[in-house]
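J.: Encoded as structure tokens, here's the structure I'll be asking about.
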Amino acid sequence: MASSTLPLSQSTPSFGSFRIRPVSASLSGVRLHRLPSRPRRGTAVGLPLRTMVISATTTEMPKKRQTASGGRGRGFVDEMRTVAMKLHTRDQSKEGEKESEAPPVAKWEPSIEGYLRFLVDSKLVYDTLETIVQKAVCPWYAEFRNTGLERSEKLAKDLEWFKDQGHTIPEPSAPGASYALYLEELSEKDPQAFICHFYNVYFAHSAGGRMIGRKVAEKILDNKELEFYKWDDDLSKLLQNVRDKLNSVASSWSREEKDHCLEETEKSFKYSGAILRLILS
Ligand code: HEM
Numbered sequence: 007m008a009s010s011t012l013p014l015s016q017s018t019p020s021f022g023s024f025r026i027r028p029v030s031a032s033l034s035g036v037r038l039h040r041l042p043s044r045p046r047r048g049t050a051v052g053l054p055l056r057t058m059v060i061s062a063t064t065t066e067m068p069k070k071r072q073t074a075s076g077g078r079g080r081g082f083v084d085e086m087r088t089v090a091m092k093l094h095t096r097d098q099s100k101e102g103e104k105e106s107e108a109p110p111v112a113k114w115e116p117s118i119e120g121y122l123r124f125l126v127d128s129k130l131v132y133d134t135l136e137t138i139v140q141k142a143v144c145p146w147y148a149e150f151r152n153t154g155l156e157r158s159e160k161l162a163k164d165l166e167w168f169k170d171q172g173h174t175i176p177e178p179s180a181p182g183a184s185y186a187l188y189l190e191e192l193s194e195k196d197p198q199a200f201i202c203h204f205y206n207v208y209f210a211h212s213a214g215g216r217m218i219g220r221k222v223a224e225k226i227l228d229n230k231e232l233e234f235y236k237w238d239d240d241l242s243k244l245l246q247n248v249r250d251k252l253n254s255v256a257s258s259w260s261r262e263e264k265d266h267c268l269e270e271t272e273k274s275f276k277y278s279g280a281i282l283r284l285i286l287s
């Protein structure tokens, strides 16, 4: 079986290019104000991260996903997916365009400590995303409440389980803290870019994330399936429902706004890649 790799970030993205964009909350007809850029408090911003590439085998990939429009025509989610898939490696996906530079996930040697760091930082990111949609500073975000894809409570249960096993749960680290801060800021001043992260975080976890979870569980958890990788309803149904909402929200965006959202995909890979690398830390 061919192995494949996914190049993820080589460095934490710089905030230097952060753009303030006019935003329009078209679903409700409400216009958001531009917010001034704030100096970032993040600890990790600008820190060089270990250069590394994360990779995986294709052996246990989920079956080919339904397209956003059920195969008929293209919705905006198809566009977001196309851009994301190109950022995977060729080995990993036929749609990938990046070179493989690292051993596949199957050859990873994860540690419990590293995996806990990954779970803790992932929880911080999901807490942040789920708080943002609850607060719904931008009215669109309310569409994404209670989708069934939420991971924060599941991760809380998993961390509790690890604690019961006698493990010490670490504090969140730089990759998660800087991503959480970035998401908060983006959610207030750049909803199109925020939506890109929302899509990539939840959909990546439902695809490559699950495969990584299985591999790690095989190696260090005696195949225990964590709550992080379980959904309370049929996952493909939940994903389709969110695709429909994303398509609906984006249907009122201008081409420029759509392109701006798509351009954010690379940052999404960089931030999530930094968190994934914690598994091997
Ligand atoms: C080692 C890390 C990763 C692996 C092994 C991996 C692997 C995969 C695989 C196998 C798919 C399914 C392809 C298909 O539908 O045929 C996929 C889909 C996807 N991945 Fe990744 N991926 C990884 C990291 C990421 C990251 C960091 C992101 C962005 C934050 C990302 C975003 C996506 C998206 C948006 C999809 C489309 C999901 C869908 O069609 O519903 N992936 N990935």
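For the sequence shown, my numbering gives the first residue as 7, with consecutive numbering after it.
Yeah, the Cβ is synthetic: ideal placement off N, Cα and C, and Gly gets one too.
Everything numeric in this text was worked out from a predicted model, so none of it was measured.
Classify D170: buried if its beta carbon has 16 or more other beta carbons within 10 angstroms, exposed otherwise.
T.: Counting of Cβ neighbours within 10 angstroms places D170 among the exposed residues, the total staying below 16.
J.: Is it buried or exposed for I218, if we count other Cβ within 10 angstroms and need 16 for buried?
T.: buried
J.: Among the candidates E115, V89 and D97, whose CA atom is the shortest distance from the CA of K225?
T.: E115
J.: Rounded to whole angstroms, what is the Cα-Cα separation between G154 and K251?
T.: 13 Å
J.: With a cut-off of 8 Å, do at least 3 Cβ pairs link the segment 146-161 to the segment 236-251?
T.: With the cut-off at 8 Å, the segment 146-161 and the segment 236-251 touch.
J.: Evaluate the contact criterion for the segment 187-202 versus the segment 135-153: three or more CB pairs, one atom per stretch, below 8 Å.
T.: yes
J.: Between the alpha carbons of T57 and I138, how many angstroms are there, rounded?
T.: Because T57 carries a pLDDT of 31, less than 50, the predicted location of this residue cannot be relied on, and the following value inherits that uncertainty. About 31 Å.
J.: Would you identify the three-state DSSP class for K230, choosing helix, strand or coil?
T.: coil
J.: In terms of residue numbering, what span does the alpha helix (DSSP H) encompassing G120 cover?
T.: I118 to K141
J.: Within the same chain, show all residues whose beta-carbon is closer than 7 Å to that of A289, passing over the 5 residues directly before and after it, in chain order.
T.: Nothing about residue 289 can be read from this structure; the chain reaches only from 7 to 287.
J.: Buried or exposed for G214, going by 16 or more other Cβ atoms inside 10 Å?
T.: By the 10 Å Cβ count, G214 comes out buried.
J.: Out of curiosity, what's the CA-to-CA distance linking S257 and F82?
T.: Cα to Cα, S257 sits roughly 8 Å from F82.
J.: Assess contact between the segment 107-124 and the segment 165-182, defined as three or more Cβ pairs (one per stretch) separated by less than 8 Å. Is contact present?
T.: yes
J.: Candidates K113, I118 and V248: which alpha carbon is nearest K230's?
T.: I118
J.: Go ahead and pull the three-state DSSP assignment for T95.
T.: strand
J.: Please work out which residues of its chain come closer than 6 Å, Cβ to Cβ, to R25, disregarding the five sequence neighbours upstream and downstream, and give them in chain order.
T.: Low confidence applies here, because R25 scores a pLDDT of 34, under 50, leaving its location unreliable and the question unanswered by this model.
J.: What is the C-beta distance between I281 and D127, in whole angstroms, given that I count them as a contact (C-beta under 8 Å)?
T.: 5 Å
J.: Give me the Cβ distance between M86 and Y205, rounded to the nearest whole Å; I'm assuming they're in contact under 8 Å.
T.: The beta-carbon distance between M86 and Y205, rounded to whole angstroms, is 5 Å. This is short enough to meet the 8 Å contact definition.
J.: For the candidate residues L232, E263 and D84, whose alpha-carbon lies nearest to that of K163?
T.: L232
J.: Helix or strand or just coil, what does DSSP make of K251?
T.: helix
J.: Taking the straight line between their C-alpha atoms, what separation do you get for P109 and S158?
T.: 30 Å
J.: Return the CA-CA distance between R261 and G172, expressed in angstroms with no decimal places.
T.: 52 Å
J.: For the ligand HEM, any of its heavy atoms closer than 8 Å to the Cβ of V207?
T.: yes
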